[in-house]
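In the working numbering, the protein residues as written are 121 to 1058.
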DNA sequence: ATGTAAAACCAG
DNA sequence: ACGCTGGTTTTACATA
């Protein structure tokens, strides 16, 4: 290097690199057992920098000590950074050794961060007409980028320049500090301005130019919250700017001239690399023994194999496995065929019909079957014999997807199989695939002879284990299939299924069909032995297409009204928030229970605080209500704020997001989740739409009947209490239901010995609470809390109740014993509800299980009954000549949409069908309502 | 950055 | 120790 050449200085951010390499690389140790993964990454990077030329001058910059001028300005700066992990600590000094071994200059200076030194060197080298490359991916260094100064990502070896900075901060490098000053940085404790994130910060800087200009313009801003925050936290923003702005006039501990790239001593380096066990680096630098690298790699591979080759847990087998089951378990997995032509697919369809049973599975580009596209389908005709038909794979330049049938062509070939009622089609969660076929253009109602392994399993093992295919396979087949995640990746690495290479997709998808068919072979005989066949064949299986129809239909919502509600809630929340902050004496995040607890109990010193498990103050609504009742203003306002926040985020905003262009929302009903046989609803959950408060009811009003139609609601009256009266055989309760009496009033009359006539509402309310308490497996403590009375008083109520209805105590004891003896209890329709905790040693957990055992037959029996009605209703409506559609189920309620003209008749028919869905020793009663919206109909 | 737990609260 | 069954949102924290 001659001095007349302009210097090019390469500055490696050593401290920043250590942390990144440590987290990015898998753990590894040197021959003497010290963790060295970050050192290894650093060594590789440094070798690469030296090999691929770069500059005339080179230095690695390190932090020195924790104390810098920033902690003088702002003591919290980086204050609660945790100590570096134990495996990283020994690597700091090793990295300094590495720079020495490479004969590279390293620079550090007490009182200054590496970033400040880098900034100062960059400025110095520019001053003498040179250029500079900063090797780092630290966002805090991006402010230095400009003419003659560029950045390089040390891991990816890609340049970081204006587009990357723009992407990160939304502004040019010289404005980065202003943006950072506004948005702050939680990892370094840089405060910024609350409520201003990256988007707002860059928007403000782009509009006003500088931080000071933004602060000056703040008083005239329209958005009140932002204006107030900017004014109040102006100084915090100024301090933040000082914290993030790098010092570029630090005295340089080593003159630039002394940083000139130096020859390294190969022997010193080789010795050091050897001592660290970095043979691959040695080899690459051409100073080592190639065989060493191979030995190293082979050893690592062997270690890996011994882990991944671990034997899977033995499968759960039944003692009466027949030969077929054994064959099912024995056939090898894998070696599946990819089907690309009509002739080949036709062969598989014929083989399926020949076998008269097959498994079918679809692959899609999404989880919502109403909008997902079919990417491929698979077919299994015998254990171990399965194929995958790619339909919409995209492929890449290096790896084209190859010839594929069109969706249309494939459907035309497979339609005769799906509609053939002499060949059984087995699915895992048929409802999903039925709707996928439907969306692809094959009417799901024409698909016949369907079995569903998920429901076969659920009908006999609810509550015992999950019903996902992977879990069922591991359990019953002793084989864990390839997981979806390993095929598509996870997080930011996830790719759409259509981009999975066809070979890999075949391995995965055909295996799913294979596993489904094998599961069917294993589960089918168990249905009979477990007495779950009728439940499966008469309830669960036929319900699946009914629910598919309901999901496909969706329910109409009033978009405009939802929008109004959202806006209304928003403005009212903003007002409340100001009042809350004023009452608290400072700003805080009202949505944070933790911050609220600190305010109420630490700062304001209000009484009645209770800490939860994690030591945080409890601030749930009962705590806040108690404080509000004592006349405190803040908790009352928070309660009101929370109600609106909940309604807005969970309902108005979420529903608006999930409403289709046809102004309808389509939920998804899960059939195999609950431990009792109930359905659940998600995406969105339409089984918990508010109703109990005035504001909540406004949300229910946005579920509407389209023009010319009506909504009809039909719900079972007191169904769980009726089941209790029936299964526990309680004469007094049975008679009350027979006589159509007010059941809670009758209970009150009998338990408290007051006349039915002229009963006061408090007494009735208490009886009602006990009645519900019984269904849930009452405890004196729980009832006391519910009614706000002493536990002793609650105890005496319960005793009086049991004395009057001794059969209930018998029933409860029967259920506890049944659960203890068998591990499950039965609903009146034979559904098994497993109660896993019943044998627990811990009394708390055991009693919890006992309450489940008491509740499950009632909740589950009610679920069975409404499911039976749901299976019959579509036929009954069609037979009656009605065009009405069933839309929703909410545990004891069904919601229908019908032409205005037929609404009354439909309501009558629905009532009849629902009331005759079961024959108990007490009558079932269904109440119906008709309206233009759900609130009105209910 | 991504995933998960805890707290809170909506329904039957 | 918070009588049962669920789902969703948000914050806070751990993971890499």
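All C-beta atoms, glycine included, are put in the ideal place defined by N, C-alpha and C.
A quick note: this is a predicted structure, and the numbers were derived from the prediction, not measured.
Excluding five sequence positions before and after residue 632, the CB atoms of its chain that fall closer than 8 angstroms to its own CB belong to 481, 498, 548, 589 and 601, given in chain order. The continuous stretches of beta strand (DSSP E) do not include residue 960, and DSSP gives it neither H nor E. Scanning its chain for C-beta atoms nearer than 8 angstroms, with the 5 sequence neighbours on each side dropped, one finds around residue 736 the residues 713, 714 and 717, in chain order.
In its chain, beyond the 5 residues on either side, 485 have a beta carbon closer than 7 angstroms to the beta carbon of residue 616.
Under the three-state reduction of DSSP output, residue 263 falls in the helix class. The continuous beta strand (DSSP E) containing residue 790 extends over residues 788 to 790. For residue 696, the uninterrupted alpha helix (DSSP H) segment begins and ends at 679 to 704. Considering only 244, 555, 171 and 877, the residue with the shortest C-alpha distance to residue 126 is 244. CA-to-CA, the gap between residue 965 and residue 959 works out to about 9 angstroms. For a cut-off of 8 angstroms, the C-beta gap from residue 638 to residue 503 is around 5 angstroms, short enough to register as a contact. In terms of Cβ geometry, residue 978 and residue 1030 do not form a close pair [threshold 8 angstroms]. The DSSP-derived three-state label of residue 935 is helix. Nearest C-alpha to residue 251 among 476, 287, 178 and 403: 178. Between residue 401 and residue 167, the C-beta spacing is below 8 angstroms. Close CB contacts of residue 372 within its chain, under the 7 angstroms cut and outside five residues either way in sequence, are with 240, 241 and 244 (chain order). Boundaries around residue 505 are those of the beta strand (DSSP E), 505 to 510, since no alpha helix (DSSP H) includes it. Secondary-structure assignment with DSSP links residue 155 through a beta bridge to 149. Collapsing the DSSP output to three states places residue 456 in coil. Under the three-state reduction of DSSP, residue 995 is assigned to helix.
In the DSSP assignment, residue 636 falls within the unbroken alpha helix (DSSP H) covering 622 to 649.
Excluding its 5 nearest sequence neighbours in each direction, residue 584 has C-beta neighbours in its own chain below 6 angstroms: 954, listed in chain order.
In this structure, residue 361 sits near residue 298, with a CB-CB distance shorter than 8 angstroms. For the alpha helix (DSSP H) assignment, the uninterrupted runs of no fewer than 4 residues enclosed by the stretch 211 to 251 are, from N- to C-terminal side, 211 to 221 and 234 to 247.
Shown here, residue 280 sits in a strand according to DSSP, grouped into three states. The continuous stretches of beta strand (DSSP E) do not include residue 1039, and DSSP gives it neither H nor E. Using a C-beta cut-off of 8 angstroms, the stretch 278 to 290 makes contact with the stretch 258 to 267, since at least three inter-stretch Cβ pairs fall below that distance. For the 8 angstroms CB-CB criterion, residue 516 and residue 472 do not form a contact.
Each of 793, 777 and 792 was checked against the Cα of residue 786, and the nearest Cα belongs to 777.
Note: residue 545 is bridge-paired with 478 and 570 in the DSSP secondary-structure output.
DSSP lists 130 and 270 as the bridge partner or partners of residue 253. Per DSSP, the beta-bridge partners of residue 1016 are 832 and 1006. Pairing residue 577 with residue 682 gives a Cβ-Cβ distance that is not under 8 angstroms.
Around the beta carbon of residue 1053, 16 or more other beta carbons sit within 10 angstroms, so the residue counts as buried.
DSSP places residue 327 within a helical segment (H, G or I) once states are collapsed to three. Beta-carbon to beta-carbon, residue 1009 and residue 843 are separated by about 18 angstroms, too far to satisfy the 8 angstroms threshold. When C-beta atoms of the stretch 156 to 167 are compared with those of the stretch 131 to 144, three or more pairs fall below 8 angstroms, so the two segments count as touching.
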